[in-house]
Amino acid sequence: MEFFKKTPNIDFMGKRRIWFLISAVIVVASLLSVAIRGLNWGIDFTGGTLLEVHYAEPVDLDSVRAALDASSVGGATAQHFGSSRDVMIRLAPETGSTEEQASTKRAQQVMAALQAATPGAELRRTEFVGPQVGAELAENGFLALLYTFGGILLYVALRFEWRLALGSILALLHDPILIVGVFSLTHLEFDLTVLAAILAVIGYSINDTVVVFDRIRENFRKMRKESPAEVINSSINQTLSRTLMTSVTTMIVLVAMYLLGGDMLGRFSLAIILGIVVGTYSSIYIASALALWMGVSRKDLMPVKKEDLLDQRP
Amino acid sequence: MINRFPVWKNVIVVVVLLVSLLYALPNMFSQDPSIDISGPRGTAVAPALADTVKSALGTAGIAFKSVEHKQGKLLVRFPTSDSQLKAQDVLAPVLPDGSTAALTTLPDLPAWLVAIGAKPMYLGLDLRGGIHVLIDVDMEAAVDQAVDRYSGDMRTLLRDRKVRYLTLTQTGTALDIKFADAESLAQGEKVLADEFRSLAFNRSEEGGSFLLRATLTPAEVKQIKKFALEQNITTLRNRVNALGVAEPIIQQQGERRIVVQLPGVQDPSRLKELLGATATLEYRLVDTEHGVEDAVAGRVPAGSKLYKDRQGQPVLLKKRVIITGNQITDATSGVDQRSGAPAVFVGLDSQGARRMRDVTTENVGKPMAVVFIENRTVTRVADGQQVKRKVLVEEVISVANILEPFGRRFQTTGIDSPAEARDLALLLRSGALAAPIEIIEERTIGPSLGQANVDRGVRSMIVGMAGVVIFVVAYYRMMGVLAVVSLLFNFIVIVGAMSIIQATLTLPGIAGIVLTIGMAVDANVLIYERIREELRLGNSPHGAIHAGFERAFTTILDSNLTTLIAAVILFSFGSGPVRGFAVTLFIGILSTLFTAVTGTRALVNLLYGGRRLARVSV
């Protein structure tokens, strides 16, 4: 079985302007969505209290909310996650009293109210995150992104060439922006796990890009007559079946995790699934096309001539 | 010879596989519900206790699998968690006072696996259930306390040496001492600088004021903070040990944070009672020279401070602290021999004992007070902004007369009930915290959720891997089978490595393994696509295999190293679950590099190497 019987010959670089435009539109749309709709930040970043309650029978949210309203705890929101028997309740950060003690007390009040309404409600998980920790986690997450970009930029620049490095970084930026855009549009919870997924996507996407770049470098040395655009085109074509193959195998495990892994692994895999779709596209189009646009050429990637001291010996 | 491996390479592959397999093996065994018995404050239990335990269980008719004495602990295994729970109740009265019996699970490993030190992977709290708490240590308060102590010590020293000074005031982390003239200033500086070498002294004689400023050096501040954190960790460890939890984790995180993880514990309230008691104790003399009424009216004498006792009655105490809680080494509750009333027996460290002896010798017959200091954080909303405020509660918990001079050991009476004596002793014994703490993050995972997470993780791993196996074999046929074998190899190496280094496996960690399996095929794909290409170019099968592996290698290295960068950064910045993901990703990449390149090559060489080849099934 093969995706392509012979090496395909698709003119990727010829249509790069159209794809640039599409990418630009999607990036702008994502940024706009984040600016207007914002993100549904998880309590990892906002601080607050979260309770995960499991019921023996499916429960409808209206009755849970009624029970919450009847209790003396204000500002609680309830939503299903995973199944109709699991309910996630979030309490906004408490104000006006000892923070940590109040959070425990409120969690107990909530559970008492829920158990009064439906006997057998089981508290499976609670989380309390202080606002200060939330701010730090957000800062560390942002720093991690920044350093990852820096590290990759440096590595690609050293191993390849600065134009390719810059191209790959811009392509990489494109992926998380899109993922964040989708999370903003769908209002799915954005927490530390999703952030980890984004970093994994960056790793995956750069992996793809590097494979294409490797081939570009090799082909520049082999194909002496062709223009840079032609060299890049055939490099992408030659690596295309590998790119697809890897995307498919990774996608298989991700879909399995998305369907069977429960809420947390579900959101984690969704972020990576999105990332792999755009990551595959961005490493094909954005990274190489940007490098071409910045004028990468044969002489930039020729091996350094060996003029060792050895050769200069008499 | 083309496509043959030297023997040593084959040996390496086989050895790595066998070692990984061996150490991955413990993960296949079931876990016994067990009870982990340790002596008071983590001390060793006598081996003879095993017989006591056995006979107690026998009398109660509770089935158990084994009782073993290991590293000063007694490990009792049970066939069911039901008998484990019953046994805990039965054993409680027969165990020596202060020892703990913690519920835990132990893998049911054969002796030879135990002998080579093989253990199953360490499961994170999200997989086994438990409580995770992140604690912030108030370093500013620790420094403040130190400055306070210095100020008391300076007053005493100056008085002892008969150096006259006007005032001694605290400004931030500095102390200002005012003198009447240049002579006493010079004298004072000499005396103080001699005694307090860790402080920096500056003097100024401007406009007729003679001022000496003592500042904490940055090194000293750093030292104070370091001590405060260490002291708090020790204290927390002691307090947590009193809870009776198997394998608790108490670790420093960053410069001022402490992580406490209690696997298997579900009810956070008991932990919070212990942690929440962010109390410091101070022994101070009661100021008997001045009237309390004057102080209440606002005329508090310098060097003294007004407190209230538990009934709200005012008490005037000397500002000078005799000893603080962190100088208490031991405290037990018991009965006073003379009166039969509940009492607490306290032991002090040498520094504390010396000070206590000095003070009590001078003050026999005078009253001494114990001040209980508690810190709370209150959050209020002011102008739509959250304002956090620390509230200090200071309370005199006991005032007792000094009957005779004492030092290292003494007893406190006047306690209402034996229960109160026990509580007070526990607080004193586990050492007061050197600085106030605050819980800033708390996560509790129920055991059923932990098990559900394990099931979900394993299920998605099996289904995902099965999908990959089917697809890869369909796509690459014989070479696909080899890729699948190297994938299994990879999986075993990852699990083996995780077990050997005892890295924590979390739910995101499982995701990391699953993702690695999905991406690991990439290396095989790169190689196989190369081989196909070489074949299309008309290369011989052997030549194509050789060139395929050679050419694909740099690409595989480049692409994996970039992912490795992401994994390392994730590890250094991530906390908790994210870190678990980074660990498996990191191990997975290294293992992939080895298994996909060397492992697959060994298999290919074994299959095709050294014989004529008409075609390759790829």
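Those protein sequences? They're chains A and B, same order as listed. When you number the first sequence by the numbering used here, it's gap-free, plus one each residue, and the end is 323. When you number the second sequence by the numbering used here, it's gap-free, plus one each residue, and the end is 605. A virtual CB, placed ideally from N, CA and C, is assigned to each residue, including glycine. Here the structure is a predicted model, which is why all the values come from computation and not from measurement.
Expected contact under 8 Å - CB spacing of residue i and residue j to nearest Å
i, j, result
"L141(B)", "I164(B)", "Going by the sequence as given, residue 141(B) is Met instead of Leu. Right, their Cβ atoms sit about 7 Å apart."
"R307(B)", "G567(B)", "No, R307(B) and G567(B) are not in contact; Cβ-Cβ is about 50 Å, not under 8 Å."
"Q300(B)", "D336(B)", "About 32 Å; that fails the 8 Å criterion."
"I532(B)", "N(-10)(B)", "6 Å"
"T325(A)", "V221(A)", "Residue coverage of chain A in this structure runs from 10 to 323, which leaves residue 325(A) outside it and unanswerable."
"G504(B)", "L474(B)", "This sequence places Ile at residue 504(B); Gly is not what is there. Confirmed, Cβ separation roughly 6 Å."
"A265(A)", "V591(B)", "The Cβ separation is near 28 Å, so there is no contact."
"F12(A)", "S250(A)", "5 Å"
Proximity winner among the options, relative to residue i (alpha-carbon distances)
i, options, result
"P405(B)", "G394(B), F332(B), N547(B) and M466(B)", "F332(B)"
"V120(B)", "T431(B), E521(B), E381(B) and A461(B)", "T431(B)"
"G496(B)", "I282(A), F277(A), L301(A) and Y294(A)", "F277(A)"
"T399(B)", "E391(B), T541(B), P392(B) and A387(B)", "A387(B)"
"V138(A)", "N242(A), R94(A) and P102(A)", "P102(A)"
"K209(B)", "E176(B), D131(B), S191(B) and Q18(B)", "D131(B)"
"I245(A)", "S297(A), L100(A) and N49(A)", "S297(A)"
"V6(B)", "L100(B), F560(B), A31(B) and V508(B)", "L100(B)"
"L274(A)", "G535(B), A215(B) and V501(B)", "V501(B)"
"D95(B)", "S21(B), T156(B), A129(B) and Q75(B)", "S21(B)"
"I427(B)", "G83(A), L48(A) and E136(A)", "E136(A)"
"L198(B)", "G401(B), P205(B), F188(B) and A129(B)", "F188(B)"
"G530(B)", "E207(B), Y10(B) and R598(B)", "R598(B)"
"M343(B)", "E382(B), F397(B) and S326(B)", "F397(B)"
Short CB-CB distance (under 8 Å) between residue i and chain B
i, result
"E109(A)", "Because the pLDDT at E109(A) is just 49, under 50, the model does not fix this residue reliably, and the value given afterwards should be weighed accordingly. Yes - at least one Cβ of chain B is within 8 Å of the one on E109(A)."
"A153(A)", "yes"
"Y213(A)", "yes"
"G84(A)", "no"
"N216(A)", "yes"
"I261(A)", "yes"
"Y164(A)", "yes"
"M120(A)", "no"
"T255(A)", "yes"
"L208(A)", "yes"
"G176(A)", "no"
"I19(A)", "no"
Proximity test, Cβ basis, 8 Å: residue i and chain A
i, result
"I556(B)", "yes"
"F581(B)", "no"
"G530(B)", "no"
"R602(B)", "no"
"S68(B)", "no"
"L548(B)", "yes"
"Y137(B)", "no"
Exercise. Is it true that the stretch 459 to 477 of chain B meets the stretch 506 to 521 of chain B, where meeting means three or more beta-carbon pairs spaced less than 8 Å apart?
Worked result: yes
Exercise. With a cut-off of 8 Å, do at least 3 Cβ pairs link the stretch 37 to 53 of chain A to the stretch 188 to 202 of chain A?
Worked result: yes
Exercise. Any residues in the stretch 426 to 446 of chain B with a beta carbon nearer than 8 Å to a beta carbon of chain A? Which ones, in chain order?
Worked result: I426, I427, E428, E429, R430, T431, I432, G433, S435, L436, A439, N440, R443, G444 and R446
Exercise. Does the count of Cβ pairs from the stretch 546 to 554 of chain B and the stretch 207 to 217 of chain A closer than 8 Å reach three?
Worked result: A contact between stretches requires three or more CB pairs, one per stretch, nearer than 8 Å, and the stretch 546 to 554 of chain B meets this requirement with the stretch 207 to 217 of chain A.
For this session: Please determine if the stretch 581 to 589 of chain B and the stretch 471 to 482 of chain B are in contact, where contact requires at least 3 C-beta pairs separated by less than 8 Å.
Result: yes
Problem set entry | Residues from the stretch 487 to 517 of chain B in contact with chain A, defined by Cβ distance under 7 Å | L494, P495, A498, V501, L502, I504, G505, M506, V508, D509, V512, L513 and E516
Problem set entry | chain B contacts from the stretch 123 to 156 of chain A (Cβ-Cβ distance under 8 Å) | Answer set for the stretch 123 to 156 of chain A: E131, L132, R133, R134, T135, E136, F137, V138, G139, P140, Q141, V142, L146, N149, G150, L152, A153 and Y156.
Problem set entry | chain A contacts from the stretch 102 to 133 of chain B (Cβ-Cβ distance under 7 Å) | L121
Problem set entry | Interface positions of the stretch 266 to 282 of chain A facing chain B (Cβ-Cβ less than 9 Å), listed along the chain | Taking 9 Å as the cut-off between beta carbons, the residues of the stretch 266 to 282 of chain A near chain B are M266, Y267, L268, L269, G270, G271, M273, L274, F277, S278 and I281, in sequence order.
Exercise. If contact means a Cβ-Cβ distance below 8 Å, which residues of the stretch 180 to 193 of chain A contact chain B?
Worked result: Nothing from the stretch 180 to 193 of chain A brings a Cβ to less than 8 Å from some Cβ of chain B.
Problem set entry | the stretch 424 to 443 of chain B in contact with the stretch 484 to 491 of chain B per 3-pair CB rule at 8 Å | They do not touch, by the three-pair rule.
Exercise. When the Cβ atoms of the stretch 155 to 168 of chain A are set against those of the stretch 55 to 75 of chain A, are three or more pairs found closer than 8 Å?
Worked result: no
Exercise. Do the stretch 66 to 79 of chain A and the stretch 18 to 37 of chain A touch if we need at least three Cβ pairs shorter than 8 Å?
Worked result: no
For this session: Below 9 Å between beta carbons is the criterion; list the residues of the stretch 219 to 231 of chain A that meet it against any residue of chain B, in chain order.
Result: V219, V220, F222, D223, R224 and E227
Problem set entry | Stretch-stretch touch, CB-based, cutoff 8 Å, three pairs: the stretch 104 to 112 of chain B with the stretch 115 to 134 of chain A | no
Exercise. Is the stretch 523 to 539 of chain B close to the stretch 281 to 296 of chain A, with three or more CB pairs under 8 Å?
Worked result: no
Problem set entry | the stretch 77 to 94 of chain B contacting the stretch 8 to 27 of chain B, beta-carbon criterion three pairs below 8 Å | yes
For this session: Assess, as a yes-or-no matter, whether the stretch 35 to 50 of chain B is touched by the stretch -3 to 17 of chain B under the definition of 3 or more beta carbon pairs within less than 8 Å.
Result: With the cut-off at 8 Å, the stretch -3 to 17 of chain B and the stretch 35 to 50 of chain B do not touch.
Exercise. Is the stretch 236 to 245 of chain B touching the stretch 206 to 220 of chain B, taking contact as three or more C-beta pairs under 8 Å?
Worked result: The stretch 236 to 245 of chain B, when compared against the stretch 206 to 220 of chain B, does touch it at the 8 Å Cβ threshold.
Exercise. Does the stretch 142 to 159 of chain A come close enough to the stretch 556 to 563 of chain B to have 3 or more Cβ pairs within less than 8 Å?
Worked result: The stretch 142 to 159 of chain A is in contact with the stretch 556 to 563 of chain B.
Exercise. Mind listing which residues of the stretch 232 to 249 of chain A have their C-beta closer than 9 Å to chain B's C-betas, in chain order?
Worked result: Q247 and T248
Exercise. How about the stretch 300 to 312 of chain A and the stretch 196 to 206 of chain A: do they share at least three Cβ pairs that are nearer than 8 Å?
Worked result: The stretch 300 to 312 of chain A, when compared against the stretch 196 to 206 of chain A, does not touch it at the 8 Å Cβ threshold.
For this session: Determine contact between the stretch 165 to 175 of chain B and the stretch 190 to 207 of chain B, defined as no fewer than three beta-carbon pairs at a distance below 8 Å.
Result: yes
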